[in-house]
Amino acid sequence: MNLTIQNRFLTVTVSRKGAELQSILGADGTEYLWQGDPAYWSDRSLTLFPYVARLTEGTYFMDGQPHHMAFHGIAPYRDFTPVSQEEDHLTLELKSDAETRREYPREFSFRIVYALEGPTLNVTYQVENRDEKTMYFGLGGHPGFRVPLNGGSFEDYRLRFGEPCDPIRVGFTEKCFLSGEDAPYALEDGAIPLRHDLFDEDAIVLKNMAHTITLECPGDSRSVTVTYPQMDYLGIWHMPHTDAPYVCIEPWCSLPSAQDKIAVFEEQPDLISLAPGKTYQNTWRIQIT
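If you read the sequence shown in the numbering used here, its first letter stands for residue 2, the second for the next number, and so on.
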């Protein structure tokens, strides 16, 4: 089941499954969101919770016990319940239940609020800890955007940071786990020119970067700006070794597991720690021009 919100700038469609964005349509009819194609990537805009990316052996420890959880956590695979909907905003909720507790033994409410403000889609995550124990969790977005948006080629586009920065690329192994070998990532005039072979080693994950990035093509008025003020990491990806016509811009709060090391959630420093009865909130934005 899909739900739609709109204003005079944008029409946004969201699926109940995973609370996943399905479409970001401009007033002129331009579709900005990748529309999914199993030849490249069948998803469109995953929500990553309560873990980002891979766990070594699909396993982690919490409360001194081993638990097993799927790639990117629980949220992408569960139906969210609509809580409220008006013309320009929508709230969906995932509550813990017997099934979620088998993978993540905590009582919680996870809400996602999609709200339109002019040509901007605000995406707000709200996590409420309803358990007697502290929650430890990761969180992130995984939206894909069409490239090219309006003619031209993939290589005509670039990702430009909103302010000067010296990013560090987080080191990954061939199996896409942390290697511990971080290194400076060079920009070209504050930007990353897009090429398909950028992703031959899978995702580029950055830290120490600006918190605004714009997908643009010089000479084209259309662009997408993603702003993520509370996210310390940014993934940039498309399916490796392909000519995939999209790029994912993924704001993350945390990182995946280290190679050959089973994560201990209480000890992973980038996970969010949320005390019983408390609520965590984080807003990031997609602006269309």
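Beta carbons are placed, not taken as given, at the ideal position from N, Cα and C, and that holds for glycine.
Environment of residue i [buried if 16+ CB atoms lie within 10 Å]
i    : result
E58  : exposed
V84  : exposed
S154 : exposed
R107 : buried
N151 : exposed
M2   : exposed
E251 : buried
R103 : exposed
P39  : exposed
V265 : exposed
G141 : buried
G220 : exposed
Inter-residue CB distance, residue i and residue j (contact presumed, cutoff 8 Å)
i    : j    : result
L160 : L216 : 6 Å
C218 : D157 : 5 Å
V124 : T284 : 7 Å
Straight-line gap, residue i to residue j (C-alpha atoms, nearest Å)
i    : j    : result
N130 : S274 : 10 Å
A192 : D64  : 43 Å
L49  : A76  : 6 Å
A276 : P67  : 21 Å
F10  : I287 : 13 Å
G19  : Y78  : 6 Å
L95  : Q269 : 24 Å
Y52  : D190 : 33 Å
R170 : T243 : 22 Å
T280 : T31  : 37 Å
V225 : P257 : 26 Å
Y33  : S24  : 7 Å
M136 : Q260 : 24 Å
G181 : C254 : 18 Å
A28  : E87  : 19 Å
P168 : L199 : 16 Å
P149 : D80  : 31 Å
Q282 : I113 : 10 Å
S222 : G278 : 46 Å
K176 : A245 : 21 Å
G37  : Y105 : 28 Å
E267 : L4   : 37 Å
K134 : L188 : 43 Å
D203 : F62  : 27 Å
L56  : G74  : 9 Å
A99  : F72  : 19 Å
D295 : T101 : Because the chain here runs from 2 to 290, residue 295 falls outside it and cannot be looked at.
Residue i and residue j closer than 8 Å at C-beta
i    : j    : result
H143 : S46  : yes
Y229 : K208 : no
L22  : G139 : no
P185 : I289 : no
F111 : D132 : no
L91  : Y115 : yes
Other residues of its chain near residue i: CB distance less than 7 Å, five sequence neighbours each side excluded
i   : result
W35 : R45, G145, F146, R147 and Y247
Residues near residue i by beta carbon distance below 6 Å, same chain, minus five either side
i    : result
D89  : I6, N8 and L117
T12  : L26
T60  : P67, H69 and I263
W42  : M240
I237 : I205
T213 : G163 and T228
A54  : P257
V128 : F111 and Y281
P194 : R159
Residues of its chain near residue i, where Cβ-Cβ distance is below 8 Å and the 5 sequence neighbours each way are ignored
i    : result
A211 : F162, G163, E164, P165 and C166
T82  : R17, L93, E94, L95 and K96
D183 : I169, R170, V171, G172 and K208
L179 : V171, G172, F173, L256, P257, S258, A259 and Q260
M232 : G141, H212, P252, W253, C254, N283 and W285
Check: residue i C-beta below 7 Å from any heavy atom of the ligand ZN
i   : result
Q23 : Looking at this structure, you won't find the ligand ZN or any other ligand, since it has none at all.
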